[in-house]
Structure formats: C-alpha cells, structure tokens
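A quick write-up on the structure given underneath.
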Amino acid sequence: MDWIEFPSLSRGNLLTIKKTIDGSFKEFTRAYGDLIDKFFDPLQDFLVLLERLLITSPWPLVLAFFAGIVFLMSRKVSITVGTVIALALIGVFGLWEDTMRTIAMVTVCTLLAIVLGIPIGIFMARSDRVQRLVNPVLDLMQTMPSFVYLIPVVMIFGIGKVPGLIAVVIYAIPPMIRLTNLGIRLVDQDVLEAADAFGSSGSQKLMNVQLPLALPTIMAGINQCIMMSLSMVVVASMIGVKGLGQEVLNAINNQYLTAGVLSGLAIVSIAIIFDRATQAYGKRLQKHSEVVHG
Amino acid sequence: MGEATGIEIKNLYKIFGPNGKEMVQKVKDGMSKAELNEKFNHVLGLNDINISMPGGKIEVVMGLSGSGKSTLIRHINRLIDPTDGEVLYGSEDVCKMTQKELREFRRHKTAMVFQKFALLPHRTVMKNTVYGLEIQGVPMKEAENRAARWIARVGLEGFEDHYPNQLSGGMQQRVGLARALTNDADILLMDEAFSALDPLIRMDMQTVLLDLQEELHKTIVFITHDLDEALRLGDKIAILRDGAVIQQGTGQEIVLRPADQYIADFVKEVNRGRVILVDTVMDKTRTVKEGGLTISSGIMLEEAAKTFAETGLGEASVVNGDGRPVGVLNVQDTISAMVTPATL
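In structure tokens, the structure reads:
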C-alpha cells in the first residue's frame, strides 16, 4: 500500500532546496544588504527627525499642533476637543513619548503608502492587464502572515526602524492601491465621454475628471491605510520598532495587565482620532454632492 | 464668423464585434442585421449611411432606440471609430485623423451636448462652462469672461457658483449648452439633448436653441426620438431605422411623402398645420390683384389658418419676400390639408 503515502519530497531533497535558497539569499544579503540599506537612509533620517521633533518640542505646542490639524481637517469642535482630551490622558498615564514615536511611524508609513499606492492604483485603473498582474500580488500581501515577510526584511536590514517601516507599508498599502483603482474605475462613463468630446488629453482627463471624482474613494483608502498601519506597528515592535507596540509586547512578555491595557487604549485613541479626522475631511471634500436640488 | 462648414457622411458602416472589418463586405452584399447577428455574432450598428449635413443649418437625425442614431453622432467627433467609410468636414476626413489631430479637431471644431448632461459634479456652473477653454489652454480670466457671456445668454446668470446637483434638469442642460457654446466651435453635436427634460422645459429649450441658431448659424446635428421635436428644429431630417437611413428631406417632404409604411405610421399623428407650408397648398395657377388679405410665402398652414380666423375672410393672396403675389390660398384647402393626409 505504498501508493497511499503522499508522494512528498524526501527529507534530504527538501533540506537541499531550503539550504540552497537560504544560502543564496544570505549571499545576496551580504553582497547587497548595505547598498539597499543605504538606499533607505533618507527615509530613516526623515522618520528620526519627525520623531525627535515630536518628542523634544514642548508638549503644549505639540498638543496645540495636533488640535489645529484635526480642526482644519474636520472643522468640528467635538472631534477637536476629543483629540485634546485623549492626548492629555495619554500624557497623564506616561505614554506621551511612546505615543509620539508611534504617530511619527504611522505618519511616515502612511505618506509612503500614499506616494507609492496612488500611482500604482492609477496604472491599475488604466490597464486591465496591469490589474490582472497586481491583484494577486495584493492578495498575497494581505493574506501572507506578516511574520513571514518579516524574515527576509530583517535579514537585509537587521533590526530597527526601516525594516519595521517596510513591514508596515507592505501590510497597509493594498487598500490604498485597491481603492484608488476602484475609485477611478467607478467614475461615470458619461462624464468621461464628455471630457473626451471636448478633446481632453489623457492627463487632463486624469487630473480634471478621474482623480477629483475618485477622491472620496481614495480618501477611504487613506483611512484604511492608517488604520492598518496602526495595527501593524504592534507586530513591528517585534523587530525593534519602538513606541506603543513595544509597550504592549513588554506587557505580554511580563504579564503586566494594566500596562498592556493602557498602551492598547492609547493605540485605540490615536486610531479613533485619525479615523474621525480623515473621514470628516473626506466628507467635506464631497460637499458638492450633498446639496441637492429640491 | 464666416459661414459654417458642412459635414459629409459617405458610405459609413459600423459593425460591432471582433472582426467588424471582415463583415463589411457581407453587409454590402446584402446580409441583414438579424442574419449577421445570428451567423457571425456581430452587431450591425450603421449600414451605408450617406448624409450631407449643410453648413449653418440644423440637421436632425431621428430614430427610435436601437436605430443607431447615437452611434452615428459619435462618429462625427469619432468618439466611436467607424468600421468603414468617411466623415468629411470640409476636405478633412475625421476618420483618418491622428490622435493629436483628432484632439485638436474636438477642441476647436466641435462641441457636444449630452442626453444625461454629463456635467462635472465637483465643479460649479462656471467651472463646468470653462472646461472646453481650460483644456485648450486659454487663460482662466479670459475663459471666465467668455463663459460668463454664455451663462447669461442661456439664462443662468447668478447661478455661476452653484453645483450641478443644486440645479433642476432643465437648468443643468442649460449649463451643458453654455459649456458647448463657450467652445465657440463650428459644429454643435446634440445627442438627445432635450429628451430627459419634461415637455414644457423641452419646448422652452427648443426655443432657446432656435433663437441662438438665428444669430450663430452653426452646423448643428441634433439627435432625437421625438418626431415633433425633429419637425420643429430640423432644417433637414434624416430618419434612421436598424442602422440605415430610410428617408431624408425637409419636415414637409417627410410628412407629405413618407417613404414607407413605417414612416407613414410615424407621421400619422403629426400636427400637419405646423409642418406644411402655405406654398404647398396654395393655388399657383392664379394670383389676385392688389388689395384684400395677404399672407407671406414660407409660413406654416397653422399661421395662415389663424389669419383666416381673425379676419373672417375666405381667400388670401400669398406674396413672396419682395411682396410679389405668387398664388392664392383659400380657407377650404387650408383646413383640409391640415386634417387629411395631403400629397404634394
């Protein structure tokens, strides 16, 4: 009854395959690791700068800055007041510095995801072939357990901010790309035809019609992207990203219930602030569609 | 502005499907739309269209849904590529233009008004109206000055900063019209432009268009499924059915001499008094001397009937533009021509 056994590779063969791939990747890392590392230096510098700015500036200034940004985006007093209270409480419980690190990290990750994600989304929307190619990659990025792609990232960059950044961006960029693509594809065909009829070039159509009309969907993508970055910074703490995630990790390792809950709540508060502010902003962008002829 | 250039459509075919080009010969050899669909799974959109659209006039293309009229108008600015044939504007063949030439042609020579308005919802009335000039690269200040004139001309003064969905359908289509007119193009393409509007607003917009045409003399191609609209607007009418032109001519010609039973059924319910000219009904064999009632040549029977009713007279002298008598019209003939199918 030999045939009932699954014809798997023999232990020896499997080992050879693993060894070969691991070996060649290690060689690749040794040869090019530094170069790739250098390439990401500006990003790290920017992240460090932002972090230092948030931590070393006097806290009232930072608090006022955040309140100002939230108000400018949402134009709502309630959300602004909520922001101030949440941040003040975070400070009271001694999580200010970690929170600032996390905010800096999420900000840089989100910016990177936007800068990379929107153009990819636009390419996807313009060509069905690109969409067919990119979609499975996005599926992979969203379902592959993050710990798995942390391995090669850590092998190349070691432990620290940049690998964390890359891991977070990989995790958070798919909704950005997907929703940009979807938003552009959902733009009314009649309006596009009108733009064509008036002789718009491809880029004029993109800037005047497609992007503005896709903006609400793109804003939803940015919102999702921020939320996913926030949840990923906790995982990224395992590869040396400092901030609230590290506090959580610490609490798990040492069974510090209160510390864990407090850090967790701090992450939730930031998430809510970001979410409400970006959603309110997205809604304001659509004000033209709210006023309806009666 | 000089006389607008006309459009000449010659042997135009459009066959939808992957091998449209190869199907043209089959259609030329007489294959029907149904047969083509059944045997080769290709849809015959337009079948050997030949229309000469005079410059500075309103050409109406009429047909029911599925007749190919919207496909036809989209060939004039090549939003749809033809399978075979020519669309001539002056000596240029629109079908042979490169992408760049085509873009220039669309920017400067044509403007289009759409059935569903197709305004940019995120832009105000003013920003919608300048759209054509904006993509031509006209400086914003100049563009807004030119647009403001047309916004006022279509009766939307004061609404410049409104968004499209703050306006009623009729007002939205006025924006569509202003946007097209601001382009200052020779050709105005109107794809069922008034079909989505309710009857009163539609009449109103027709009047706006006729008033504008009186001063602008553009080459207007107007698509409609409404015979009354076609007869009211069209200097010339082409009737489309299953992708082929089955009759073209003036409104009067179509009402008085329908080419087949299909058109005859169509024109049965038409108000003849508004279509038939007094010249058609009058007695050309005699004229009456000076004095008595006169009506001018080229007016419709309904107007003549009104004159008869107001004066109570039974006979009138029909005079041409110079005031010379060209015939005699009596009230009997007028009424009978209005109520019964007359012939030329």
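Protein chains in written order, with our numbering: chain A, 1 to 294; chain B, 1001 to 1344. Glycine included, each C-beta is placed from N, C-alpha and C at the ideal position. Computed from a predicted model, the values in this text were never measured in an experiment.
Contact residues within the region 188-212 of chain A, judged by C-beta distance below 7 Å to chain B: Taking 7 Å as the Cβ-Cβ cut-off against chain B, the residues of the region 188-212 of chain A that qualify are Asp190, Val191, Glu193, Ala194, Asp196, Ala197, Phe198, Gly199, Ser200, Ser201, Gln204, Val209 and Pro212.
Rounded separation between Met1001/B and Lys1057/B - CA only: Working through the second sequence from its first residue, we reach residue 1001/B at position 1. Working through the second sequence from its first residue, we reach residue 1057/B at position 57. In this predicted model, Met1001/B has a pLDDT of only 45, less than 50, meaning its place in the structure is not dependable enough to derive any value.
Whole-Å CB distance - Pro175/A paired with Cys225/A, under 8 Å assumed: Your numbering for residue 175/A matches position 175 in the first sequence. Your numbering for residue 225/A matches position 225 in the first sequence. Indeed, because the Cβ distance is near 6 Å, the residues count as touching under 8 Å.
Inter-residue spacing [alpha-carbon to alpha-carbon] between Ile173/A and Leu61/A: Mapped onto the first sequence, residue 173/A falls at position 173. Mapped onto the first sequence, residue 61/A falls at position 61. Their backbone Cα atoms lie some 31 Å apart in a straight line.
Partners in chain A for Gly1132/B, counting only beta-carbon separations shorter than 7 Å: Here residue 1132/B refers to the residue found at position 132 of the second sequence. Chain-order list of chain A residues neighbouring Gly1132/B: Phe198, by C-beta distance under 7 Å.
Length at least 3, wholly inside the region 1208-1234 of chain B: the beta strand (DSSP E) runs in chain order: Annotation note: the region 1208-1234 of chain B contains the following uninterrupted beta strand (DSSP E) runs of length 3 or greater, listed N- to C-terminal: 1219-1224.
The beta strand (DSSP E) enclosing Gly1045/B, as first and last residue numbers: Position 45 of the second sequence holds residue 1045/B. Counted as a single uninterrupted DSSP element, the beta strand (DSSP E) harbouring Gly1045/B occupies residues Val1043 to Met1053.
Chain-ordered neighbours of Arg1146/B on chain A, where CB pairs are closer than 7 Å: Translated into the one-based positions of the second sequence, residue 1146/B becomes position 146. From the beta-carbon of Arg1146/B, no residue of chain A is found nearer than 7 Å; the closest lies around 15 Å away.
Within chain A, the residues that Ile1135/B reaches when beta carbons sit closer than 7 Å: Along the second sequence, one-based indexing puts residue 1135/B at 135. Under a criterion of Cβ atoms nearer than 7 Å, the residues of chain A adjacent to Ile1135/B are, in order, Phe198, Gly199, Ser200 and Gln204.
C-beta atoms of Ile79/A and Arg276/A nearer than 8 Å: If you number the first sequence from 1, residue 79/A lands on position 79. If you number the first sequence from 1, residue 276/A lands on position 276. Judged by beta-carbon spacing, Arg276/A lies within the 8 Å limit of Ile79/A, meaning their Cβ atoms are closer than that value.
Separation of Ile90/A from Ile170/A, as counted between CA atoms: As a position in the first sequence, residue 170/A is number 170, starting the count at 1. As a position in the first sequence, residue 90/A is number 90, starting the count at 1. Ile90/A has its alpha-carbon roughly 28 Å from the corresponding atom of Ile170/A.
Short CB-CB distance (under 8 Å) between Pro1121/B and chain A: The residue given as residue 1121/B occupies position 121 in the second sequence. Yes, contact with chain A.
Sequence-distant residues of the same chain with beta carbon closer than 7 Å to Leu1197/B, five excluded per side: Residue mapping note: residue 1197/B aligns to position 197 of the second sequence, counting from 1. Same-chain partners within the cutoff: Gly1169, Gly1170, Gln1173 and Met1205.
Integer-rounded CB distance, given that Ile1276/B should sit under 8 Å from Val1267/B: For the purposes of this step, residue 1267/B is taken as residue 267 along the second sequence, with counting starting at 1. For the purposes of this step, residue 1276/B is taken as residue 276 along the second sequence, with counting starting at 1. Not confirmed; about 11 Å, so no contact.
Beta-carbon proximity of Val1175/B to Val1125/B, cut-off 8 Å: Translated into positions along the second sequence, residue 1175/B becomes position 175. Translated into positions along the second sequence, residue 1125/B becomes position 125. Going by beta carbons, Val1175/B and Val1125/B fall inside the 8 Å limit.
Nearest residue (CA-CA) to Gln1261/B, options Ile1246/B, Leu1177/B, Glu1038/B and Gly1251/B: For the purposes of this step, residue 1261/B is identified with residue 261 of the second sequence, where counting begins at 1. Looking at the Cα atoms, Ile1246/B is the closest of the given residues.
Residue nearest to Glu1303/B in terms of C-alpha spacing, selected from Ala1316/B, Gly1291/B and Ala1152/B: For the purposes of this step, residue 1303/B is taken as the residue at position 303 of the second sequence. Among Ala1316/B, Gly1291/B and Ala1152/B, the Cα nearest to that of Glu1303/B is on Ala1316/B.
Segment limits, beta strand (DSSP E) that includes Arg1257/B: The sequence position of residue 1257/B within the second sequence is 257, counting from 1. Unbroken run through Arg1257/B: none, as it is neither H nor E.
Beta strand (DSSP E) runs contained entirely in the region 1298-1332 of chain B, provided each spans 3 or more residues: Counting whole runs of 3 or more residues, the region 1298-1332 of chain B contains the beta strand (DSSP E) stretches 1315-1319 and 1325-1330.
Residues that DSSP places opposite Thr1110/B in a beta bridge: Within the second sequence, residue 1110/B is the residue found at index 110, counting from 1. According to DSSP, Thr1110/B bridges with Ile1187/B.
Collapsed DSSP secondary structure at Arg129/A in the structure displayed: Stepping through the first sequence from its first residue, residue 129/A is reached at position 129. The answer is helix: DSSP assigns Arg129/A an H, G or I state.
Beta-carbon separation (whole angstroms), Arg1103/B vs Ser201/A, contact threshold 8 Å: Along the second sequence, read from residue 1 onward, the residue named residue 1103/B stands at position 103. Along the first sequence, read from residue 1 onward, the residue named residue 201/A stands at position 201. Indeed they touch by this definition, with Cβ atoms about 6 Å apart.
Span separating the alpha-carbon of Phe93/A from that of Tyr281/A: In the first sequence, residue 93/A corresponds to position 93, counting from 1. In the first sequence, residue 281/A corresponds to position 281, counting from 1. The C-alpha of Phe93/A lies about 30 Å from the C-alpha of Tyr281/A.
Under 8 Å by beta carbon: chain A residues contacting Lys1116/B: On the second sequence, position 116 is the one that residue 1116/B refers to. Per Cβ cutoff of 8 Å: Asp190.
Under 8 Å by beta carbon: chain A residues contacting Leu1079/B: As a first step, residue 1079/B is located in the second sequence; it is residue number 79 there, counting from the start. Under the 8 Å cutoff, chain A gives Glu193, Asp196 and Ala197.
Neighbour flag for Arg1106/B against chain C, beta carbons, 8 Å: In the structure shown, chain C does not exist; the protein chains are A and B.
N-terminal and C-terminal residue of the beta strand (DSSP E) that Thr278/A is part of: Reading the first sequence from its first residue, position 278 is the one you call residue 278/A. From DSSP, Thr278/A is part of no beta strand (DSSP E) but of the alpha helix (DSSP H) over Leu257 to Leu285.
Contacts around Val77/A, its chain only, beta-carbon distance under 8 Å, and the 5 residues preceding and following it disregarded: As a position in the first sequence, residue 77/A is number 77, starting the count at 1. Cβ neighbours of Val77/A beyond the five flanking positions: Phe71.
Buried versus exposed call for Ser1070/B [16 or more other C-beta atoms within 10 Å across all chains shown]: Here residue 1070/B refers to the residue found at position 70 when the second sequence is read from its first residue. By the neighbour-count criterion, in which 16 or more other beta carbons inside 10 Å mark a residue as buried, Ser1070/B falls on the buried side.
Own chain residues within Cβ distance below 6 Å of Phe1114/B, not counting five before or after: Here residue 1114/B corresponds to residue number 114 of the second sequence, with the count starting at 1. Cβ neighbours of Phe1114/B beyond the five flanking positions: Asp1191.
Top-ranked residue by Cα proximity to Asp1186/B, from Arg1078/B, Tyr1089/B, Gly1020/B and Lys1014/B: The residue you call residue 1186/B lines up with position 186 of the second sequence. Ranked by Cα distance from Asp1186/B, the first of Arg1078/B, Tyr1089/B, Gly1020/B and Lys1014/B is Tyr1089/B.
Reduced DSSP category for Leu1064/B - H, G, I as helix; E, B as strand; rest coil: Residue mapping note: residue 1064/B aligns to position 64 of the second sequence, counting from 1. Under the three-state reduction of DSSP output, Leu1064/B falls in the coil class, being neither helix nor strand.
Supposed close pair Gly1243/B, Leu1012/B - CB separation, criterion 8 Å: Position 243 of the second sequence, counting from 1, holds the residue named residue 1243/B. Position 12 of the second sequence, counting from 1, holds the residue named residue 1012/B. Contact flag wrong, Cβ pair sits at about 10 Å.
Touching by the beta-carbon criterion (3+ pairs, under 8 Å), the region 1309-1326 of chain B and the region 1278-1297 of chain B: Verdict: yes, contact present.
Which residues DSSP lists as bridging Ser1296/B, in chain order: Translated into the one-based positions of the second sequence, residue 1296/B becomes position 296. Answer is Val1319/B, bridged to Ser1296/B.
Within chain A, the residues that Met1112/B reaches when beta carbons sit closer than 9 Å: Start at 1 with the first residue of the second sequence, and residue 1112/B comes out as number 112. Listed by position along chain A, the residues whose Cβ is nearer than 9 Å to that of Met1112/B are Glu193, Ala194, Ala197 and Phe198.
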